[in-house]
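Visitor: I have a structure I would like to understand better, so I am pasting it below and will then ask my questions one at a time.
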Amino acid sequence: MSEHAQLLRIATAGSVDDGKSTLIGRLLFDSKGIFEDQLASIEATSAKRGDEYTDLALLTDGLRSEREQGITIDVAYRYFSSPRRKFIIADTPGHVQYTRNMVTGASTADVAIILVDARKGVLEQTRRHAFLSALLGIPRLVVAVNKMDLVDYDEATFEAIRTEFTDFAAKLEVHDVTFVPLSALKGDNVVDRSEAMPWYTGPALLDHLENVHIASDRNLTDVRFPVQYVIRPQRADGLDHRSFAGTVAGGIMKVDDEVVVMPSGRQSTIKAIWGPGGAELDEAAAPAAVTIALNDEIDIVRGEMIARPGNRPHQGTELEAMVCWFADDSTLTPNKRYVVKHTTRDTKAIVTGLEYRLDVNTLHRDPDSTELGLNEIGRIGLRTQTPLMYDPYRRNRDTGAFILVDELSGNTVGAGMIIGPATTGSNVVWHAGAVQRGDRGQGRTLWLTGLSGSGKSTIASEVERLLIESGHPAYILDGDNLRHGLNADLGFSAEDRAENIRRTAEVAALFADAGVVVICSLISPMRADRDKARGVHSAADLPFTEVFVDTPLAECEARDPKGLYAKARAGEIPEFTGVSAPYEPPLTPDLHIRPEDGTAEEVAQRIVSSILGV
Amino acid sequence: MTARTAVTLSHLDALEAESVHIFREVAAQFERPGMLFSGGKDSVVMFHLARKAFWPAPMPFPLMHVDTGHNFDEVIEYRDRVVDQTGVQLLVSYVQDDIDAGRVVEETGVGTSRNRLQTAALLRGIQENRFDAVFGGARRDEEKARAKERVFSFRDAFGAWDPRAQRPELWKLYNGNHRKGEHIRVFPLSNWTELDIWQYIEREDIALPPIYYAHQREVIERDGMLLAKTRFLETLPGEEARTELVRFRTVGDATCTGCVESDAADNAAVVAEVAGTRVTERGATRADDRISEAGMEDRKKEGYF
Numbered sequence: 311m312s313e314h315a316q317l318l319r320i321a322t323a324g325s326v327d328d329g330k331s332t333l334i335g336r337l338l339f340d341s342k343g344i345f346e347d348q349l350a351s352i353e354a355t356s357a358k359r360g361d362e363y364t365d366l367a368l369l370t371d372g373l374r375s376e377r378e379q380g381i382t383i384d385v386a387y388r389y390f391s392s393p394r395r396k397f398i399i400a401d402t403p404g405h406v407q408y409t410r411n412m413v414t415g416a417s418t419a420d421v422a423i424i425l426v427d428a429r430k431g432v433l434e435q436t437r438r439h440a441f442l443s444a445l446l447g448i449p450r451l452v453v454a455v456n457k458m459d460l461v462d463y464d465e466a467t468f469e470a471i472r473t474e475f476t477d478f479a480a481k482l483e484v485h486d487v488t489f490v491p492l493s494a495l496k497g498d499n500v501v502d503r504s505e506a507m508p509w510y511t512g513p514a515l516l517d518h519l520e521n522v523h524i525a526s527d528r529n530l531t532d533v534r535f536p537v538q539y540v541i542r543p544q545r546a547d548g549l550d551h552r553s554f555a556g557t558v559a560g561g562i563m564k565v566d567d568e569v570v571v572m573p574s575g576r577q578s579t580i581k582a583i584w585g586p587g588g589a590e591l592d593e594a595a596a597p598a599a600v601t602i603a604l605n606d607e608i609d610i611v612r613g614e615m616i617a618r619p620g621n622r623p624h625q626g627t628e629l630e631a632m633v634c635w636f637a638d639d640s641t642l643t644p645n646k647r648y649v650v651k652h653t654t655r656d657t658k659a660i661v662t663g664l665e666y667r668l669d670v671n672t673l674h675r676d677p678d679s680t681e682l683g684l685n686e687i688g689r690i691g692l693r694t695q696t697p698l699m700y701d702p703y704r705r706n707r708d709t710g711a712f713i714l715v716d717e718l719s720g721n722t723v724g725a726g727m728i729i730g731p732a733t734t735g736s737n738v739v740w741h742a743g744a745v746q747r748g749d750r751g752q753g754r755t756l757w758l759t760g761l762s763g764s765g766k767s768t769i770a771s772e773v774e775r776l777l778i779e780s781g782h783p784a785y786i787l788d789g790d791n792l793r794h795g796l797n798a799d800l801g802f803s804a805e806d807r808a809e810n811i812r813r814t815a816e817v818a819a820l821f822a823d824a825g826v827v828v829i830c831s832l833i834s835p836m837r838a839d840r841d842k843a844r845g846v847h848s849a850a851d852l853p854f855t856e857v858f859v860d861t862p863l864a865e866c867e868a869r870d871p872k873g874l875y876a877k878a879r880a881g882e883i884p885e886f887t888g889v890s891a892p893y894e895p896p897l898t899p900d901l902h903i904r905p906e907d908g909t910a911e912e913v914a915q916r917i918v919s920s921i922l923g924v
Numbered sequence: 040m041t042a043r044t045a046v047t048l049s050h051l052d053a054l055e056a057e058s059v060h061i062f063r064e065v066a067a068q069f070e071r072p073g074m075l076f077s078g079g080k081d082s083v084v085m086f087h088l089a090r091k092a093f094w095p096a097p098m099p100f101p102l103m104h105v106d107t108g109h110n111f112d113e114v115i116e117y118r119d120r121v122v123d124q125t126g127v128q129l130l131v132s133y134v135q136d137d138i139d140a141g142r143v144v145e146e147t148g149v150g151t152s153r154n155r156l157q158t159a160a161l162l163r164g165i166q167e168n169r170f171d172a173v174f175g176g177a178r179r180d181e182e183k184a185r186a187k188e189r190v191f192s193f194r195d196a197f198g199a200w201d202p203r204a205q206r207p208e209l210w211k212l213y214n215g216n217h218r219k220g221e222h223i224r225v226f227p228l229s230n231w232t233e234l235d236i237w238q239y240i241e242r243e244d245i246a247l248p249p250i251y252y253a254h255q256r257e258v259i260e261r262d263g264m265l266l267a268k269t270r271f272l273e274t275l276p277g278e279e280a281r282t283e284l285v286r287f288r289t290v291g292d293a294t295c296t297g298c299v300e301s302d303a304a305d306n307a308a309v310v311a312e313v314a315g316t317r318v319t320e321r322g323a324t325r326a327d328d329r330i331s332e333a334g335m336e337d338r339k340k341e342g343y344f
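Below you can see the structure in the form of structure tokens.
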């Protein structure tokens, strides 16, 4: 392995007897990740216990009580490498305390491997692990369909599992799923391609892990630098050095960039960037640990955030989040106080509400629940004592994540993923009797339609930013994000797509009624559905602007930012707009945007000018 | 001109960044951290990384050596040279002091070592210096109990590790909460492997004690391991010393740290050798890990690092 190899972090998941330990053992063994003395040691233990074969699980079960009971209690980290990559596997237990451990192991993973026993197919456990992987924002799933040797290497069995899982994953907004039929025991398609499955044309598992493209997972757009530590040497030789150390959490920071320090709002420019030990750099991106100096004397302390003036994180004390509860001796209940650790900032917080508890097996939401117990997941409201500077977790795992710490014991009791600011807008609607629409400012809906990859979301973000900067309340309803929450129960059938648009239009109208400029960013392929959305608004006498982001299919496909077209062409995504499902372009859009109209910023400026008349 | 960037990171860059983040987190969260330093390759790399993390300021914590008294002379010379050259503060906690004061009893006979006695000297050193965080150079790939250890490992007032009550550790968020008397062991090299360490030593051109490179030495073969013939090693009747070309993969108590036959005389040769080895460094060179399958776990529960 060269020193320039890339690091890939993997989390494994699977149920009890699906052969996970055997698979890890096989990967380690065949890639020389198991050493002779380790093997001799587990062979001796297996023999002492009277096992008929060497139990590779002993490799990862490192604690006395695990080996004695033959169960895995806690996450273990394993390491192996190939010529191109170094792999860190977080081996998470399948059964005991599954959620807490899976969440722990998955929080930093680039790829999740979910094992499925070919004889049993997609189980509740499989769905749970897929859901947790999606919740934790792991960008890529590998479904390892194991024990193919026990189903005679039958293609139909594999295809049935692939279809069933794909249908389920569509609801989770997990797009990048790869399926590998294998036998961990026999070594089929693990490190080497199997001759027993000539119908499978994809790569062996290790080959896939070596080549999966991970660079695009990083957020290189939004500059985020949580200040971790101030470096100010006190030296007799008069060295005058003052710099801010931290780990880049997003974007590409460059020397001479204009920056804003939050929450003070003071602005300056970057004077210098140094890597560890003082190596001068021109630019840095996540997850580089660097030190920066600014051109102006600004008082900055740990817990503050450096961003770009035109692209700031959210700042506030009221937010909503998904939380996984870890404590076995206490529950999460509304009005309880905790310490929040978020980026480099610690602050006190109070749980303002539990919106629902989620059953991770059925995805059923229980809005009547009053607490979260060990391993339970729910959506909460949180009020912090000092403002947090954050992004939604889906946009940035580093600035969107936090842990909850018990004030008394100091223990970590929960893991949180921020959804966004608390939606107080609904209160305005409920108490509308005392307020007239004219009192609230002019709300309206901008409806962006276009193919996947046409640039809708980028334009929407710019429009939102321009509006907020000019003092207009604005909010994006993004098709992807809505499918995470409001429309999480919907798939991609024609009926579900229509329902997706209907709900979004109703929500948009409520926002617009509340005085917010709503930017809806959805493919919304069918003319009839978009017309109904317009109808909802005109019935409520609210302005509605249809914006056609008219990027040709070939260009969208060439961009393919999420790799979806490639998958659709490979037949892995059924019903993909533009490829295997129709798109009906608007006949008379209110605004027509073509690629030659300029950058997203320029287009956004034009849209904002046209609707605000500025 | 090529841009100097940290936009694409190699695995060594990524590991370095993770370790640097951990050092800074500890310096920010704790009042009195200290760093264990033995002169062994892992603690040398850890020290190198810590100094880089706070550049151009000095590293904001002292080193502490838990000295069994059974050292390789080359390692103590190296340790003292590093202290002289860098101006860092070195504290030493001597196992001999505990023996002399009757706080621990030294086992006698062939095959005994002072390794286990280190725990008392370590805990005493932590208490005397009022450390609330102690860096150790342990890696998860070294040993199966260590594969289960957190980066921030909570230790109670007795310094003990409870593997079943570890704090979940997610993202880059490290929880350093503790009460008076308790402390946190911090392992910035958790995700490094032996090969990563050597590749980094080669890349950064870090100086190590000479015993890490091939040299002629008098050794005694015992239980399939080559032990250095030193003034500390008791020999059995019939054990004959012979001279071999060897090097050390780990450095610890001279009575229980074996060496391996090797002709790897420089960093590049060692990297090549480590990349091809089929035996772990502990399996090859640590007699004390062979005591029982849970030897490391048991010692960690007592307060070992």
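For the protein sequence lines, the chains are A and B, in the order given. If you number the first sequence the way my numbering does, the last residue is 924 and the count never jumps. If you number the second sequence the way my numbering does, the last residue is 344 and the count never jumps. Every residue, glycine too, gets a C-beta built ideally from N, C-alpha and C.
#1: Residue range of the alpha helix (DSSP H) that A732/A falls in?
#2: Is it buried or exposed, F287/B, if we count other Cβ atoms within 10 angstroms and call 16 or more buried?
#3: Give, in chain order, every residue of the region 674-699 of chain A whose Cβ lies closer than 9 Å to some Cβ of chain B.
#4: Is E774/A closer than 8 Å to I829/A when the C-beta atoms are compared?
#5: Residues in the region 69-88 of chain B with C-beta within 8 Å of chain A's C-beta atoms, listed in sequence order?
#6: Per DSSP, which residues does M507/A bridge with? Please list them.
#7: With DSSP collapsed to three states, give me the class of K268/B.
#8: Pop quiz: H104/B and R120/B are said to be a contact at Cβ under 8 Å. What is the actual Cβ separation, rounded to whole angstroms?
#9: What do you get for T473/A, buried or exposed, if any count of 16 or more other CB atoms within 10 angstroms of its CB means buried?
#10: Quick check: the region 632-648 of chain A against the region 603-613 of chain A, are there 3 or more CB pairs under 8 Å?
#11: Could you spell out where the alpha helix (DSSP H) holding D678/A opens and where it closes?
#12: Could you tell me which uninterrupted alpha helix (DSSP H) segments, each at least 4 residues in length, are contained entirely in the region 495-575 of chain A, listed from first to last along the chain?
#13: Below 8 Å between beta carbons: does that hold for P619/A and T709/A?
#14: For P702/A, does the count of other Cβ atoms within 10 angstroms reach 16, so buried, or fall short, so exposed?
#15: Unbroken beta strand (DSSP E) runs of length 3 or more, entirely within the region 195-253 of chain B: which are they?
#16: If we cut at 8 Å on Cβ distances, does K339/B have a partner in chain A?
#17: Run through chain B and tell me which residues come within less than 7 Å of Y703/A, C-beta to C-beta.
#18: Just grab the DSSP bridge partners of Y785/A for me.
#19: Quick one, are the C-beta atoms of V225/B and V190/B less than 8 Å apart?
#20: For R206/B, return the contacting residues in chain A, with the cut-off set at a CB-CB distance below 7 Å.
#21: Y666/A and L761/A look like a contact to me (Cβ under 8 Å); what is the Cβ gap, rounded to whole Å?
#22: For T418/A, which residues in chain B fall below 9 Å Cβ to Cβ?
#23: So, is the C-beta of Q435/A closer than 8 Å to a C-beta in chain B?
#24: Would P671/A and A596/A be called neighbours here (beta carbons separated by less than 8 Å)?
#25: Is it buried or exposed, L519/A, if we count other Cβ atoms within 10 angstroms and call 16 or more buried?
#26: Using C-beta distances below 8 Å, list every residue in its chain close to E630/A, excluding the 5 sequence neighbours before and after it, in chain order.
#27: Starting from H551/A, find everything on chain B with Cβ-Cβ shorter than 9 Å and list it in chain order.
#28: Should T322/A be flagged as near chain B, meaning a C-beta pair shorter than 8 Å?
#29: Whole angstroms is fine: what's the gap from V501/A's alpha carbon to T467/A's?
#30: Who are the Cβ neighbours of R90/B in its own chain at under 6 Å, not counting the five residues just before and after it?
#31: What residues from chain B crowd round A357/A, counting only those whose CB sits closer than 7 Å?
#32: For L156/B, which residues from the same chain have a beta carbon less than 6 Å from its beta carbon, with the 5 sequence-adjacent residues on both sides left out?
#33: Taking the beta carbon of T861/A as the centre, do at least 16 other beta carbons fall within 10 Å, making it buried, or is it exposed?
#34: Using only the alpha-carbon positions, how far apart do A303/B and I250/B sit?
#35: In angstroms, rounded to a whole number, what distance separates the CA positions of P905/A and P871/A?
#36: Give the straight-line distance between the Cα atoms of T44/B and K339/B, rounded to the nearest whole angstrom.
Guide: So, to answer that:
#1: For A732/A, no alpha helix (DSSP H) encloses it, and the DSSP letter there is neither H nor E.
#2: So F287/B ends up on the buried side.
#3: Against chain B - using a Cβ distance shorter than 9 Å - the region 674-699 of chain A contributes no residues.
#4: The answer is yes: Cβ separation under 8 Å.
#5: If the cut-off is 8 Å between Cβ atoms, the region 69-88 of chain B has L88 near chain A.
#6: Under DSSP, M507/A takes part in no beta bridge, so it has no partner.
#7: Three-state result, K268/B: coil.
#8: That pair is no contact at about 14 Å.
#9: Looking at its Cβ environment, which holds fewer than 16 other Cβ atoms inside 10 Å, T473/A is exposed.
#10: Because the criterion of three Cβ pairs below 8 Å is not met, the region 632-648 of chain A and the region 603-613 of chain A do not touch.
#11: Per DSSP, D678/A belongs to no alpha helix (DSSP H) and is neither H nor E.
#12: The qualifying runs are 515-521.
#13: No, these two residues do not count as a Cβ contact at 8 Å.
#14: The residue in question, P702/A, is buried, as its Cβ has 16 or more Cβ neighbours within 10 Å.
#15: Contiguous beta strand (DSSP E) elements confined to the region 195-253 of chain B occur at 222-225, taking only those with 3 or more residues.
#16: At a cut-off of 8 Å, the C-beta of K339/B has no neighbouring C-beta in chain A.
#17: Those within 7 Å of Y703/A in chain B number zero; the least Cβ separation is about 10 Å.
#18: Partner residues in the beta bridge of Y785/A, as assigned by DSSP, are V828/A.
#19: Remark: C-beta atoms of V225/B and V190/B approach each other more closely than 8 Å.
#20: Using a Cβ-Cβ cut-off of 7 Å, R206/B is close to N721 and T722 of chain A, given in chain order.
#21: Not confirmed; about 34 Å, so no contact.
#22: In chain order: L209, W210 and K211.
#23: Chain B, which has no Cβ nearer than 8 Å to the Cβ of Q435/A, makes this no.
#24: Here residue 671/A turns out to be Asn, not Pro, going by the sequence shown. It is not a contact, given that the beta carbons lie outside the stated cut-off.
#25: Classification for L519/A: buried.
#26: So the qualifying residues of the chain are E665, R689, I690, G691, L692, I728, I729, G730, P731, A732 and T733.
#27: Residues of chain B whose Cβ lies closer than 9 Å to the Cβ of H551/A are, in chain order, P95 and A96.
#28: Closer than 8 Å to the CB of T322/A there is not a single CB belonging to chain B.
#29: Linking V501/A to T467/A through their CA atoms gives a straight-line distance of about 22 Å.
#30: Apart from sequence neighbours up to five positions away, the residues of its chain that approach R90/B with a beta-carbon distance below 6 Å are M98, ordered along the chain.
#31: None at all; the shortest Cβ gap to chain B is about 13 Å.
#32: Only V134 and V143 meet the Cβ criterion.
#33: Buried, by the Cβ-count rule.
#34: The straight-line gap from Cα to Cα measures roughly 11 Å.
#35: Whole-angstrom Cα-Cα distance: 16 Å.
#36: Computed Cα separation, rounded: 41 Å.
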